[in-house]
Amino acid sequence: MTDSHDASSGAFDPASATIAVVTYNRSGLLTRLLTSISEMDPKPGHVVIVDNASSDDTGEVVESFRDRIGTTIVYRRLETNTGGSGGFSEGVRVAYELGSEWIWLMDDDVEVIGDGLAKMGRWAPRFRSIQGRRYDFDGSEFYWQYRIAERMGIPIPFAPAGFDESGYKPMNSGCFEGMFIHRDIVRQIGLPDPRFFIYWDDQLYGWLASRKTQSVIVDEFVLRRTREIKQWDMGIRHMNASSNAYRYYIMRNRAIMKKYYRALGVYQPVLFGLGTSLTFGKELIRLLFVERTVRGTSNLWRGLRDGRAISRDASFRTMAPLTESVD
Numbered sequence: 001m002t003d004s005h006d007a008s009s010g011a012f013d014p015a016s017a018t019i020a021v022v023t024y025n026r027s028g029l030l031t032r033l034l035t036s037i038s039e040m041d042p043k044p045g046h047v048v049i050v051d052n053a054s055s056d057d058t059g060e061v062v063e064s065f066r067d068r069i070g071t072t073i074v075y076r077r078l079e080t081n082t083g084g085s086g087g088f089s090e091g092v093r094v095a096y097e098l099g100s101e102w103i104w105l106m107d108d109d110v111e112v113i114g115d116g117l118a119k120m121g122r123w124a125p126r127f128r129s130i131q132g133r134r135y136d137f138d139g140s141e142f143y144w145q146y147r148i149a150e151r152m153g154i155p156i157p158f159a160p161a162g163f164d165e166s167g168y169k170p171m172n173s174g175c176f177e178g179m180f181i182h183r184d185i186v187r188q189i190g191l192p193d194p195r196f197f198i199y200w201d202d203q204l205y206g207w208l209a210s211r212k213t214q215s216v217i218v219d220e221f222v223l224r225r226t227r228e229i230k231q232w233d234m235g236i237r238h239m240n241a242s243s244n245a246y247r248y249y250i251m252r253n254r255a256i257m258k259k260y261y262r263a264l265g266v267y268q269p270v271l272f273g274l275g276t277s278l279t280f281g282k283e284l285i286r287l288l289f290v291e292r293t294v295r296g297t298s299n300l301w302r303g304l305r306d307g308r309a310i311s312r313d314a315s316f317r318t319m320a321p322l323t324e325s326v327d
């Protein structure tokens, strides 16, 4: 693992940060997020909004905030819906081209806590891949699996939630709902891979970052989720509802992860295959106990089938490191 903290040493300048938001047909939620950004202190230098070809009034909402958000808005409306993966890839690209030192990624269904950027900035001189904490829709602490079983490529189900006096814990994963990453790490690992469309993209990106620097989750609440999701309360954690699209990409995208593992020399067929089987089983449990149905299993099998085609694609290349130009 490369460790070059000197690149981000010294006092943190909020103007050096860009918030990159991906949105799709949720202008009401986007309004809440942009309102929270307008109330932040301090504010970032830029807010990049990537619109995944929304058909609602997203464009009008963005324009209504230009004169009152208190920072520069850069709006990119894509011609087609590229999924969260394509949106975040474009958001990172735009932020990087703006010269941003720090890129703070988030979906449109969160609000920023007023001093959130200041809280993240306190850790910026020490680390270059940082994840803050989130409140859930109901105000409870949002539980996130910040470590993965690397060889299996799946989250460790019961990552310890408590923090010691250091205020941080090492992680080897990532979540685009709040990832705070330095441009030097982006340069080394390249842009997020848009081919995922949805799912596994942020976990893989965070894992790639952790191979270059010490990645951490810090004991700072900086975001609040604004959308309620159906859940199964398991006591020590929750399991969220899913969708047929998610079920398909959860399985298909294991093949893209396998390509990265092979390229980096960490692929172990038995363990990675076990991770795929456990993922399949978890999605069956999600169908039965969260959504109370058995319909949807065909999407899991279809994802596995299409994943095999990706596995056989000899032309597939992982995302390349960046130069100072990403044109």
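Numbered by full-length UniProt numbering, the letters in the sequence shown go through residues 1 to 327 in order. All residues carry an ideal CB built from backbone N, CA and C; glycine is no exception. All figures in this text were calculated on a predicted structure; none of them were measured in a lab.
Three-state class that DSSP yields for residue i in the structure shown
i: K258; result: helix
i: A245; result: helix
i: A7; result: Residue placement at A7 is poorly supported in this model, since its pLDDT is 43, which falls under 50; the coordinates still yield a value, given next. Reduced to three states, the DSSP call for A7 is helix.
i: P14; result: helix
i: A53; result: coil
i: P160; result: coil
i: V112; result: strand
i: W232; result: For W232, the predicted model reports a pLDDT of 45, less than 50, meaning its position is unreliable; a value from the coordinates is still stated below. If DSSP states are grouped into helix, strand and coil, W232 belongs with the strands.
i: E141; result: strand
i: C175; result: coil
i: N299; result: helix
i: F65; result: helix
i: M120; result: helix
i: R312; result: coil
i: R187; result: helix
i: R317; result: coil
i: R126; result: coil
i: T80; result: coil
i: P192; result: coil
i: I250; result: helix
i: D306; result: helix
i: G265; result: coil
8 Å Cβ cutoff met for residue i and residue j
i: S100; j: I69; result: no
i: E220; j: F137; result: no
i: residue 351; j: V47; result: Within the shown structure, residues of the chain are numbered from 1 to 327, placing residue 351 beyond reach of any answer.
i: M171; j: S215; result: yes
i: Y205; j: N253; result: no
i: I154; j: G275; result: yes
i: V218; j: G178; result: no
i: T226; j: V50; result: no
i: G83; j: F197; result: yes
i: Y75; j: V186; result: no
i: I130; j: F180; result: yes
i: Y146; j: S173; result: yes
i: D56; j: N25; result: yes
i: I103; j: R32; result: no
i: K259; j: F176; result: no
i: P194; j: S311; result: no
i: G116; j: G132; result: yes
i: G296; j: L287; result: yes
i: residue 328; j: I250; result: Absent from the model: residue 328. The displayed extent of the chain is 1 to 327, so no value can be given.
i: G45; j: T18; result: yes
Counted within 10 angstroms of its Cβ, other Cβ atoms place residue i as buried (16 or more) or exposed
i: Q268; result: exposed
i: G235; result: Summary for G235: the model assigns pLDDT 47, below 50, so the residue's position carries little reliability, and this model does not support an answer.
i: residue 328; result: With the chain represented from 1 up to 327, any question about residue 328 goes unanswered, as that position is not in the structure.
i: I285; result: exposed
i: G167; result: exposed
i: W301; result: exposed
i: D6; result: Residue confidence is low: D6 scores 41 on pLDDT, short of 50, so the model does not pin down where it sits. Its coordinate-derived value is still stated next. Under this definition D6 is an exposed residue.
i: N52; result: buried
i: D41; result: exposed
i: E63; result: exposed
i: E191; result: Contrary to the premise, residue 191 reads as Leu rather than Glu in this sequence. L191 is buried by the Cβ-count criterion.
i: N244; result: exposed
i: D201; result: buried
i: E283; result: buried
i: D164; result: exposed
i: S210; result: buried
i: R128; result: buried
i: D13; result: exposed
Extent of the continuous beta strand (DSSP E) run through residue i
i: D219; result: 215-225
i: G132; result: 129-135
i: I73; result: 72-77
According to DSSP, residues forming a beta bridge with residue i
i: W104; result: I19, F180
i: K169; result: I217
i: P155; result: I148
i: V47; result: I19, I73
Unbroken alpha helix (DSSP H) run spanning residue i, endpoints
i: Y96; result: 83-97
i: P269; result: 269-289
i: A209; result: 201-210
i: T31; result: 27-38
Residue i: CB within 7 Å of a non-hydrogen atom of the ligand FAD
i: G281; result: Judged by which ligands are present, the structure shown has none, so any question about the ligand FAD falls away.
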